[in-house]
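A.B. asks: Quick one: the structure is below, and I'll ask about it shortly.
Number of protein chains: 2
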Amino acid sequence: MIKIILLGYGNVGSHLLNAFLKSDSVQVLQVYNRSAVELPRAAQNIPVIYNLEALDDADIYILSVSDDVIGEISENLPFTNRLVVHTSGAAAMDVLSKKNRRGVFYPLQTFSKNKTPDFKTIPICLEAENPEDYKRLEALASILSKQISAIDSSQRAKIHVAAVFVNNFTNYLYQIGQNLLEESNISFDLLLPLIRETAEKIETLPPEQAQTGPAKRNDRGTIEKHLNALQRESDKKLYATITELIQKHHNKNEL
Amino acid sequence: MIKIILLGYGNVGSHLLNAFLKSDSVQVLQVYNRSAVELPRAAQNIPVIYNLEALDDADIYILSVSDDVIGEISENLPFTNRLVVHTSGAAAMDVLSKKNRRGVFYPLQTFSKNKTPDFKTIPICLEAENPEDYKRLEALASILSKQISAIDSSQRAKIHVAAVFVNNFTNYLYQIGQNLLEESNISFDLLLPLIRETAEKIETLPPEQAQTGPAKRNDRGTIEKHLNALQRESDKKLYATITELIQKHHNKNEL
Chain A
719 MIKIILLGYG
729 NVGSHLLNAF
739 LKSDSVQVLQ
749 VYNRSAVELP
759 RAAQNIPVIY
769 NLEALDDADI
779 YILSVSDDVI
789 GEISENLPFT
799 NRLVVHTSGA
809 AAMDVLSKKN
819 RRGVFYPLQT
829 FSKNKTPDFK
839 TIPICLEAEN
849 PEDYKRLEAL
859 ASILSKQISA
869 IDSSQRAKIH
879 VAAVFVNNFT
889 NYLYQIGQNL
899 LEESNISFDL
909 LLPLIRETAE
919 KIETLPPEQA
929 QTGPAKRNDR
939 GTIEKHLNAL
949 QRESDKKLYA
959 TITELIQKHH
969 NKNEL
Chain B
719 MIKIILLGYG
729 NVGSHLLNAF
739 LKSDSVQVLQ
749 VYNRSAVELP
759 RAAQNIPVIY
769 NLEALDDADI
779 YILSVSDDVI
789 GEISENLPFT
799 NRLVVHTSGA
809 AAMDVLSKKN
819 RRGVFYPLQT
829 FSKNKTPDFK
839 TIPICLEAEN
849 PEDYKRLEAL
859 ASILSKQISA
869 IDSSQRAKIH
879 VAAVFVNNFT
889 NYLYQIGQNL
899 LEESNISFDL
909 LLPLIRETAE
919 KIETLPPEQA
929 QTGPAKRNDR
939 GTIEKHLNAL
949 QRESDKKLYA
959 TITELIQKHH
969 NKNEL
């Protein structure tokens, strides 16, 4: 039985709690939060504490808090030499106070308030200062997921930027698609099968090979037509920018 | 029984043929192509012709050819006043020669050579010059798909630009994600669950509400860190451009 304490109860913290509750191999001793929280029914026996001094003795302390308070909260922990990890993709491990043994437990996924994630398919990126602690984190992660990777802080920083491109920026492209359709009174639903297929395609075909479209074909007639069809200056500019990048990338490879 | 003839046997033409072969309500009389093609085993009884003069009498002629030859081929058809449609998202209906009754049969999806698409979930966008022909196209489309929409040429032009954003451009963002991970010797597979979730999320949440990340939060510390982590100038520029667009969009809505 692995005894853990969760510090912070936002999106990640609450989904982690729900996932751990389903396992008999993990015991969540306490949940710490700065402001009042209500735990789900299945967690009614778990004490919520609002004072770091009230923290119990656990195997792993998991900080799921904003990046900018990881340092402060870890520094204020009323003990030393225990295993303390954060769950952030953007923060390095050494943001955590040195007074405890440090690690990272980063589930690589986008979490929504109202959607229960399937942790089995979520990659968990682990980092620890020493091999014994890494094994402890691995034991905990393997309860949730089948995909566990050793990722150091500099690799995790790269993953986090990459995630912004494929998640945040992609979602913004979806938003543009929706705007364009709504301008012509067409339901955005019409694009959903294409969006889904675009995401699924790269599970079997690398993006480089999956690339299609007027930019890849260097079809100047269609590109011109598209630029004329776009009404907003910002859409035109983004269309031209990405088209040029695709053209450069694929022409370069043809030389 | 609807009698059709396919003209052109590229990606769209071949997938259409395979889909029609599965139905008892459609008979594919001939396949026309300019260069030699080999039909699948199930289509061995269908004659392939290489001369427009050899075309039979059909209810609907479907041109799945490059946009730039739609006009020419339709003009060279050796008959008049029959129903002739193209399958292009980018071309207007009036690109087709006036000598026949014109229409469009546009399946809104990205097709890959080696992956059989599930037409049931593919929206088919229809246009015709008169209501009777529209009904004919609708009867044909309903054999393949549950999602049929009446879309005129100006709407289809918008859809086609939108498809470039959510398909071609999104795929390019995936490509950047892959490059970034490979720079740090991390497998691109790690991002696949995030990519899939990003695409699925907007089936229940509009992109506007699904937007997350440092740009949306206006988290300048993380944005700065990301820009420093990016090595290629083109990635930096694109990161800055889309970040600014997201910031503008979401700040505007807060005012």
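Protein sequences, first through last, are from chains A and B.
Per the numbering used here, residue 719 is the first one in the first sequence, and the count goes up by one each step.
Per the numbering used here, residue 719 is the first one in the second sequence, and the count goes up by one each step.
We treat Cβ as the ideally placed atom computed from N, Cα and C, and that holds for glycine.
No experiment lies behind these values; they were computed from the predicted model shown.
#1: Terminal residues of the continuous beta strand (DSSP E) containing A/E845?
#2: Can you tell me whether B/D726 is buried or exposed, with buried defined as 16 or more other CB within 10 angstroms of its CB?
#3: Kindly indicate the opening and closing residues of the alpha helix (DSSP H) around A/A917.
#4: Can you tell me which of the three DSSP states B/K833 falls into?
#5: Between A/L826, A/Q965, A/Y824, A/T839, which has its C-alpha nearest B/Y890's C-alpha?
#6: Where do the N-terminal and C-terminal ends of the beta strand (DSSP E) with A/K721 fall, by residue?
#7: Assign B/P924 to one of three DSSP states: helix, strand, or coil.
#8: Please state the DSSP three-state secondary structure of B/L963.
#9: Mind listing the chain A neighbours of B/S1003? Cutoff is C-beta to C-beta under 9 Å, in chain order.
#10: Identify each residue in the region 879-896 of chain B for which the Cβ-Cβ distance to at least one residue of chain A is less than 7 Å, and report them in chain order.
#11: Should the region 949-963 of chain B be called in touch with the region 907-924 of chain A, which here means at least 3 C-beta pairs below 8 Å?
#12: Taking the straight line between their C-alpha atoms, what separation do you get for A/V879 and B/A947?
#13: Between B/N763, B/S784, B/V766, B/L735, which has its C-alpha nearest A/R935's C-alpha?
#14: Quick check: is the beta carbon of A/I723 nearer than 7 Å to any beta carbon in chain B?
#15: Taking the alpha-carbon of B/F837 as reference, which of A/Q929, A/Q748, A/E915 has the nearest alpha-carbon?
#16: Distance cutoff 7 Å, beta carbons only. Does B/L912 sit that close to anything in chain A?
#17: Thinking C-alpha only, which one of A/I722, A/Q745, A/I913 is nearest A/A776?
#18: Measuring alpha carbon to alpha carbon, tell me which of B/A881, B/V749, B/S753 ends up nearest B/A772.
#19: Can you list, in chain order, the residues of its chain with a C-beta nearer than 8 Å to that of A/E918? Leave out the 5 residues immediately preceding and following it.
#20: Do A/I926 and B/Q893 have their C-beta atoms closer together than 7 Å?
#21: Looking at the structure shown, is B/F823 part of a helix, part of a strand, or coil, going by DSSP?
#22: Taking just the CA atoms, how far does A/P835 sit from B/V746?
#23: Closest to A/E790 by CA distance: which of A/K817, A/A808, A/L844, A/V766 is it?
#24: For A/I877, name the three-state secondary structure that DSSP assigns.
#25: For a quick check, are the C-beta atoms of B/F829 and B/H733 less than 7 Å apart?
#26: Output needed in chain order: residues of the region 925-937 of chain B with a Cβ under 9 Å from some Cβ in chain A.
#27: Check whether the region 728-743 of chain A and the region 790-803 of chain A touch, using three or more Cβ-Cβ pairs below 8 Å as the test.
#28: What residue from B/G939, B/H804, B/N751, B/F797 has the CA that sits closest to B/A846's CA?
#29: Please state whether the Cβ-Cβ distance between B/A810 and B/S871 is less than 7 Å.
#30: Helix, strand or coil for B/V813, going by three-state DSSP, please let me know.
#31: Since B/L801 contacts B/Y779 with CB under 8 Å, what's their CB separation in whole angstroms?
#32: Identify whether B/N969 lies in helix, strand or coil by the three-state DSSP scheme.
#33: Leaving out five residues before and five after B/Q827 in sequence, what residues of the same chain have Cβ atoms less than 7 Å from its Cβ?
#34: Determine the chain B residues that contact A/T940 at a beta-carbon separation under 9 Å, and present them in chain order.
#35: Look up A/Q745 in the DSSP assignment and give the residues it is bridged to.
#36: Under 7 Å, Cβ to Cβ, is there at least one residue of chain B near A/Q745?
C.D. replies: Straight from the coordinates:
#1: Start at 1 with the first residue of the first sequence, and residue 845 of chain A comes out as number 127. Per DSSP, A/E845 belongs to the beta strand (DSSP E) from 842-846.
#2: Within the second sequence, numbered from 1, the residue matching residue 726 of chain B stands at position 8. Residue identity differs from the one stated: residue 726 of chain B is Gly in this sequence, not Asp. Buried is the call here.
#3: Within the first sequence, numbered from 1, the residue matching residue 917 of chain A stands at position 199. DSSP places A/A917 in the uninterrupted alpha helix (DSSP H) bounded by 910-919.
#4: Along the second sequence, one-based indexing puts residue 833 of chain B at 115. Reduced to three states, the DSSP call for B/K833 is coil.
#5: Counted from its first residue, the second sequence places residue 890 of chain B at position 172. That would be A/Q965, whose Cα lies nearest to the Cα of B/Y890.
#6: Counting from 1 along the first sequence, the entry for residue 721 of chain A is found at position 3. Where A/K721 is concerned, the enclosing beta strand (DSSP E) starts and stops at 720-725.
#7: Sequence index remark: in the second sequence, residue 924 of chain B carries index 206 (1-based). Coil, per DSSP.
#8: Taking the second sequence and counting its residues from 1, one reaches residue 963 of chain B at position 245. Collapsing the DSSP output to three states places B/L963 in a helix.
#9: Lying outside 719 to 973, the shown extent of chain B, residue 1003 of chain B is not represented and no answer is given.
#10: Here the close residues are V879, A880, A881, V882, F883, V884, N885, N886, F887, T888, N889, Y890, L891, Y892, Q893, I894, G895, Q896.
#11: The region 949-963 of chain B is not in contact with the region 907-924 of chain A.
#12: Position 161 of the first sequence, counting from 1, holds the residue named residue 879 of chain A. Position 229 of the second sequence, counting from 1, holds the residue named residue 947 of chain B. Across the structure, A/V879 and B/A947 are spaced so that their CA atoms are roughly 8 Å apart.
#13: Your numbering for residue 935 of chain A matches position 217 in the first sequence. Checking every option, the nearest Cα to that of A/R935 belongs to B/S784.
#14: In the first sequence, counting from the first residue as 1, residue 723 of chain A sits at position 5. So, not an interface residue.
#15: Taking the first residue of the second sequence as 1, we reach residue 837 of chain B at position 119. Nearest option by C-alpha distance: A/E915.
#16: Residue mapping note: residue 912 of chain B aligns to position 194 of the second sequence, counting from 1. For B/L912, the answer is yes, since a Cβ of chain A falls inside 7 Å of its Cβ.
#17: If you number the first sequence from 1, residue 776 of chain A lands on position 58. The residue with the shortest Cα to Cα distance from A/A776 is A/I722.
#18: Along the second sequence, one-based indexing puts residue 772 of chain B at 54. Nearest C-alpha to B/A772 among B/A881, B/V749, B/S753: B/V749.
#19: In the first sequence, residue 918 of chain A corresponds to position 200, counting from 1. Closer than 8 Å at Cβ, skipping near neighbours: no residue.
#20: Residue 926 of chain A sits at position 208 when you count from the first residue of the first sequence. Residue 893 of chain B sits at position 175 when you count from the first residue of the second sequence. A small fix is needed here, since residue 926 of chain A is Glu in this sequence, not Ile. Yes.
#21: As a working mapping, residue 823 of chain B is identified with position 105 in the second sequence. Assignment of B/F823 by DSSP, reduced to helix, strand and coil, places it in the strand class.
#22: One-based indexing of the second sequence puts residue 746 of chain B at position 28. One-based indexing of the first sequence puts residue 835 of chain A at position 117. The straight-line gap from Cα to Cα measures roughly 46 Å.
#23: Position 72 of the first sequence, counted from the first residue, corresponds to residue 790 of chain A. A/E790 has its Cα closest to that of A/K817, out of A/K817, A/A808, A/L844, A/V766.
#24: For the purposes of this step, residue 877 of chain A is taken as residue 159 along the first sequence, with counting starting at 1. Helix.
#25: Numbered from its first residue, the second sequence carries residue 829 of chain B at position 111. Numbered from its first residue, the second sequence carries residue 733 of chain B at position 15. Yes, Cβ-Cβ distance for B/F829 and B/H733 is below 7 Å.
#26: P925, E926, A928, Q929, T930, G931, P932, A933, K934, D937: these are the residues of the region 925-937 of chain B whose beta carbon lies less than 9 Å from some beta carbon of chain A, given in chain order.
#27: Touching, no, given that fewer than three Cβ pairs across the two stretches are closer than 8 Å.
#28: In the second sequence, the residue the question calls residue 846 of chain B occupies position 128. That would be B/H804, whose Cα lies nearest to the Cα of B/A846.
#29: Indexing the second sequence from 1 puts residue 810 of chain B at position 92. Indexing the second sequence from 1 puts residue 871 of chain B at position 153. Here B/A810 is near B/S871, since their CB atoms are less than 7 Å apart.
#30: The count along the second sequence starts at 1 and reaches residue 813 of chain B at position 95. Three-state result, B/V813: helix.
#31: Counting from one through the second sequence, the residue named residue 801 of chain B turns up at place 83. Counting from one through the second sequence, the residue named residue 779 of chain B turns up at place 61. With a Cβ gap of about 7 Å, B/L801 and B/Y779 count as contacting.
#32: Position 251 of the second sequence, counted from the start, is the residue given in the question as residue 969 of chain B. Here B/N969 sits in helix by DSSP.
#33: Within the second sequence, the letter at position 109 stands for residue 827 of chain B. Excluding residues within five positions, the ones whose Cβ falls inside 7 Å are P835, I840.
#34: Indexing the first sequence from 1 puts residue 940 of chain A at position 222. D785, A808, H878, V882, listed in chain order.
#35: Here residue 745 of chain A corresponds to residue number 27 of the first sequence, with the count starting at 1. A/K721.
#36: Against the first sequence, residue 745 of chain A aligns to sequence position 27. Chain B contact via Cβ: absent.
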